[in-house]
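Chains A and B, in that order, give the protein sequences. Sequential numbering of the first sequence, starting at 387, is according to our numbering. Sequential numbering of the second sequence, starting at 2, is according to our numbering. Think of the CB as a built atom: it goes at the ideal place given N, C-alpha and C, for glycine as much as any other residue.
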Amino acid sequence: MATGTASSEVFENLRLELRRGCLIVAVLAQLRIEQYGYTLRKALADDGLEIDEGTLYPLLRRLETQGLLASQWREEEKRNKRFYRLSPAGEQILGQLLDEWQRINTSLDKILQEVQG
Amino acid sequence: MELLDCYLKAVKRYLPRRQRDDIIAELSVELRSQIEDKQVELGRGLTDVEQMAIFKKQGDPMSVAMRYRRTGRSLSVGWELIGPELFPAYLLLLSCNLVIAVIVIAVFLMLAHTPFTLQAFLIPMFMEVVIVTLVFILLNFLRGFLGRKLSHSWMWPPAELAHLLPLPRWYSATGFIASGLLTLWWLLIPHFPRLVLGSAAPEVKLAPAWHQYYVPVLLALAIGTGQRAVNVIRPDWNWLLPMARFVADCGGAVVMFFFRTHALVLPANPSRAQTEQLAQAVNGRLIWGLFGPWLWLYLGITGLVYGWYCLPYLRRLVRRHHNTVHEAGEVNGIVWKRES
């Protein structure tokens, strides 16, 4: 029982670590179209990537500080909302990250095929 | 004040000053959107409990704010004692405690007509730093075992929302054990004076003042222990915690204030000069141990905190005498109401 709990905890930690980098790519990719936090979160969830508010908003701020996102307060449906979109620097970084993602994916496929073969 | 405003106000308290308004405005849009979505889904307004469920999912205000403050700093001595997740909260609480400590000690010294010395401030403040650090080291250690369970507990809920949060059973149970041991110690003193007098017990005896103040102190301790026992069984009786502790702390402070003016120990054989000296030494040690600045510091901090937590309950009680139902309706045969 204790071993089961420990292994599920190990899995959970590894899963979170794996997701962390992927989420950044997903957020950057989603923000090629301008969105505000709530709709961005829903869009990610609809595509199967649930992200809680406590993670998303500090992440958006960090990405903006790094110059990868640009934001603007604007009124929509009688409410002021902060809209985010990918900055030119963000677009460049996203391209590089996607290339890296493809390389990792190809390598992993190759490794897995070798193991299975 | 709306529950959402209370929640946002509580988060705002812990946010970095420069970004405060911006973060709160954004968080407000997110939470309002969630509430509206839920209202559309249910076809009615949300009750306080349902709104609280949304805030609970978000997390306790301090943890929410700390995510924006995360700097990666931690307390490590070879191995990690307080991790980066808890470190900002540790710094914040330690600073608040030290400020309160200075105020309480200064007030105590003035009331007791005692001169202000550096020692009077430094020793309790050093103890404060040690205690807060140890508590956070323990919390950091427990995070490994309790993991999510601990992270979902609201450690320091805002007073305005406390009535919607059942008390965690582990909190009441651990408090019951600690408070129970203290009460048991007090109960055993008349039978085993050695518990107070130590190795001097054969030479000295407890002074008559103990008879006068024994029961009132026991009562204050019993209130605290009883409250914790009740909350283990009824975690939803969250009002009991601030009310009982406020009464126990204030009552305890008054009793201890007068108790300290009496001699606590008398020589068993007054004709012997040595015993007289020993009694004086034990008396001094006991007065420092039982009524030292740490006691007034503890009673001052907890009295202020619990008094603050009592206020929303009292406000709600007063409001209940007026028309309380703000909004009401019936959906699919289920009657709902929302209090203002």
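Check, Outcome
"Neighbourhood of Ile479/A by C-beta, 6 Å cutoff - its chain only, sequence neighbours within 5 removed", "Leu454"
"Start and end residues, beta strand (DSSP E) containing Trp155/B", "Neither: Trp155/B is in no beta strand (DSSP E) and is coded neither H nor E."
"Below-8 Å beta-carbon distance, Ser75/B vs any chain A residue", "no"
"Per DSSP, the bridge partner or partners of Asn466/A", "Glu461/A"
"Those residues which DSSP pairs with Trp80/B across a bridge", "Val78/B"
"Complete alpha helix (DSSP H) runs within the segment 214–297 of chain B (minimum length 4 residues, chain order)", "241–260 and 274–292"
"Helix, strand or coil at Tyr69/B [DSSP, three-state]", "helix"
"Secondary structure of Gln421/A, DSSP reduced to three states", "strand"
"N-terminal and C-terminal residue of the alpha helix (DSSP H) that Leu484/A is part of", "Pro474 to Gln502"
"Pro271/B classed as buried or exposed, judged by whether at least 16 other C-beta atoms fall within 10 angstroms", "exposed"
"Residues that Gly41/B contacts on chain A, provided the C-beta gap is smaller than 9 Å", "The residue you asked about is not Gly; residue 41/B is Val in the sequence shown. The premise fails here: Val41/B is roughly 13 Å from chain A at the closest Cβ pair, so nothing lies under 9 Å."
"contact_flag[the segment 35–52 of chain B, the segment 20–27 of chain B] where n(CB pairs < 8 Å) is 3 or more", "no"
"Local conformation of Leu312/B per DSSP, three classes", "helix"
"Unbroken beta strand (DSSP E) run spanning Leu435/A, endpoints", "It is not in any beta strand (DSSP E) - Leu435/A carries neither H nor E in the DSSP assignment."
"Cβ-based burial, Trp186/B [other Cβ within 10 Å; buried from 16]", "exposed"
"According to DSSP, residues forming a beta bridge with Lys206/B", "Leu267/B"
"C-beta neighbour in chain A for Leu28/B, strict 8 Å", "yes"
"Burial state of Met111/B (16 or more Cβ within 10 Å)", "exposed"
"Proximal residues to Tyr343/B (C-beta, below 7 Å), its chain only, five neighbours per side dropped", "There is no way to answer for residue 343/B, as the model of chain B reaches only from 2 to 341."
"Straight-line gap, Arg316/B to Val248/B (C-alpha atoms, nearest Å)", "18 Å"
"Exposure of Pro167/B, with buried meaning 16 or more beta-carbon neighbours within 10 Å", "exposed"
"Selection of the segment 439–458 of chain A by Cβ proximity to chain B, strictly under 8 Å", "Glu439, Gly440, Thr441, Tyr443, Pro444 and Arg447"
"8 Å Cβ cutoff, Leu84/B in contact with chain A", "For the record, residue 84/B in the displayed sequence is Gly; it is not Leu. For Gly84/B, the answer is no, since every Cβ of chain A falls outside 8 Å of its Cβ."
"The segment 220–232 of chain B / the segment 173–192 of chain B touching (three or more Cβ pairs under 8 Å)", "yes"
"Cβ-Cβ distance between Val266/B and Ala280/B below 8 Å", "yes"
"Cross-chain neighbours of Val65/B in chain A, by beta carbon under 8 Å", "Gly440"
"Cβ of Lys423/A within 8 Å of any chain B Cβ", "Residue 423/A is actually Gly in this sequence, not Lys. Taking Cβ atoms only, chain B reaches closer than 8 Å to Gly423/A, which makes this a yes."
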